[in-house]
Amino acid sequence: MVEAVAVSAIEQLISEYVRRIVEKAMAGKRLSDWEMGILMMDHMRSSLEAKIEMTRKDLEAKIETVRSDLEVAKSELGAKISSIETKISSIEKRVEKVESDIDYMKKSLDSLRDNVINVLVAELKRRMEQE
């Protein structure tokens, strides 16, 4: 706070001094080397302030562009993740179905094997009884 007040007071003081130098020059009076130096420094200050302000505005615009691009990318990524989750869920259901079918086929094959063994044993017994 104190620093801002001090800077403001110095700016006003320099501004008033520059105004007086300009009035002196406009009156056709000769300017000292110091006064010329002050005018040149004030011009450089004004030029630098303008460049800094332009740079600040450009930087703010670029930051806003990056933010909006990031939001778009974030929403697109969210949609893609959701799509992938849906696909994974679908694949998991299909895998569960395949596992269920494999279990059913194993049970069916076990049952078929048991039936074949029983039929063969019965046929073997029948043939042994005939002999």
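Sequential numbering of the sequence shown, starting at 133, is according to my numbering.
Built from N, CA and C at the ideal position, the CB exists for glycine as well.
All values derive from a computational prediction rather than experimental measurement.
Is residue 140 helix, strand or coil by DSSP?
-> Numbered from its first residue, the sequence shown carries residue 140 at position 8. Helix.
Looking at C-beta atoms only, is the number of pairs between the segment 137–157 and the segment 167–182 that lie closer than 8 Å three or more?
-> yes
List the endpoints of the continuous alpha helix (DSSP H) containing residue 159.
-> Locating residue 159 in the sequence shown gives position 27, counting from the first residue. Premise fails: residue 159 is in no alpha helix (DSSP H) and is neither H nor E.
Residue 167 and residue 184: beta carbons closer than 8 Å?
-> Residue 167 sits at position 35 when you count from the first residue of the sequence shown. Residue 184 sits at position 52 when you count from the first residue of the sequence shown. In this structure, residue 184 does not lie closer than 8 Å to residue 167 by Cβ.
Which full runs of the alpha helix (DSSP H) of 4+ residues lie inside the segment 210–236, going along the chain?
-> none
DSSP state of residue 133 mapped onto helix, strand, coil = Here residue 133 refers to the residue found at position 1 when the sequence shown is read from its first residue. DSSP places residue 133 in coil when its eight states are reduced to three.
Run through DSSP, which three-state label would residue 181 get?
-> Within the sequence shown, residue 181 is the residue found at index 49, counting from 1. Here residue 181 sits in helix by DSSP.
Roughly how many angstroms lie between the CA atoms of residue 203 and residue 196, to the nearest whole one?
-> Reading the sequence shown from its first residue, position 71 is the one you call residue 203. Reading the sequence shown from its first residue, position 64 is the one you call residue 196. If I take the Cα positions, the gap works out to 10 Å.
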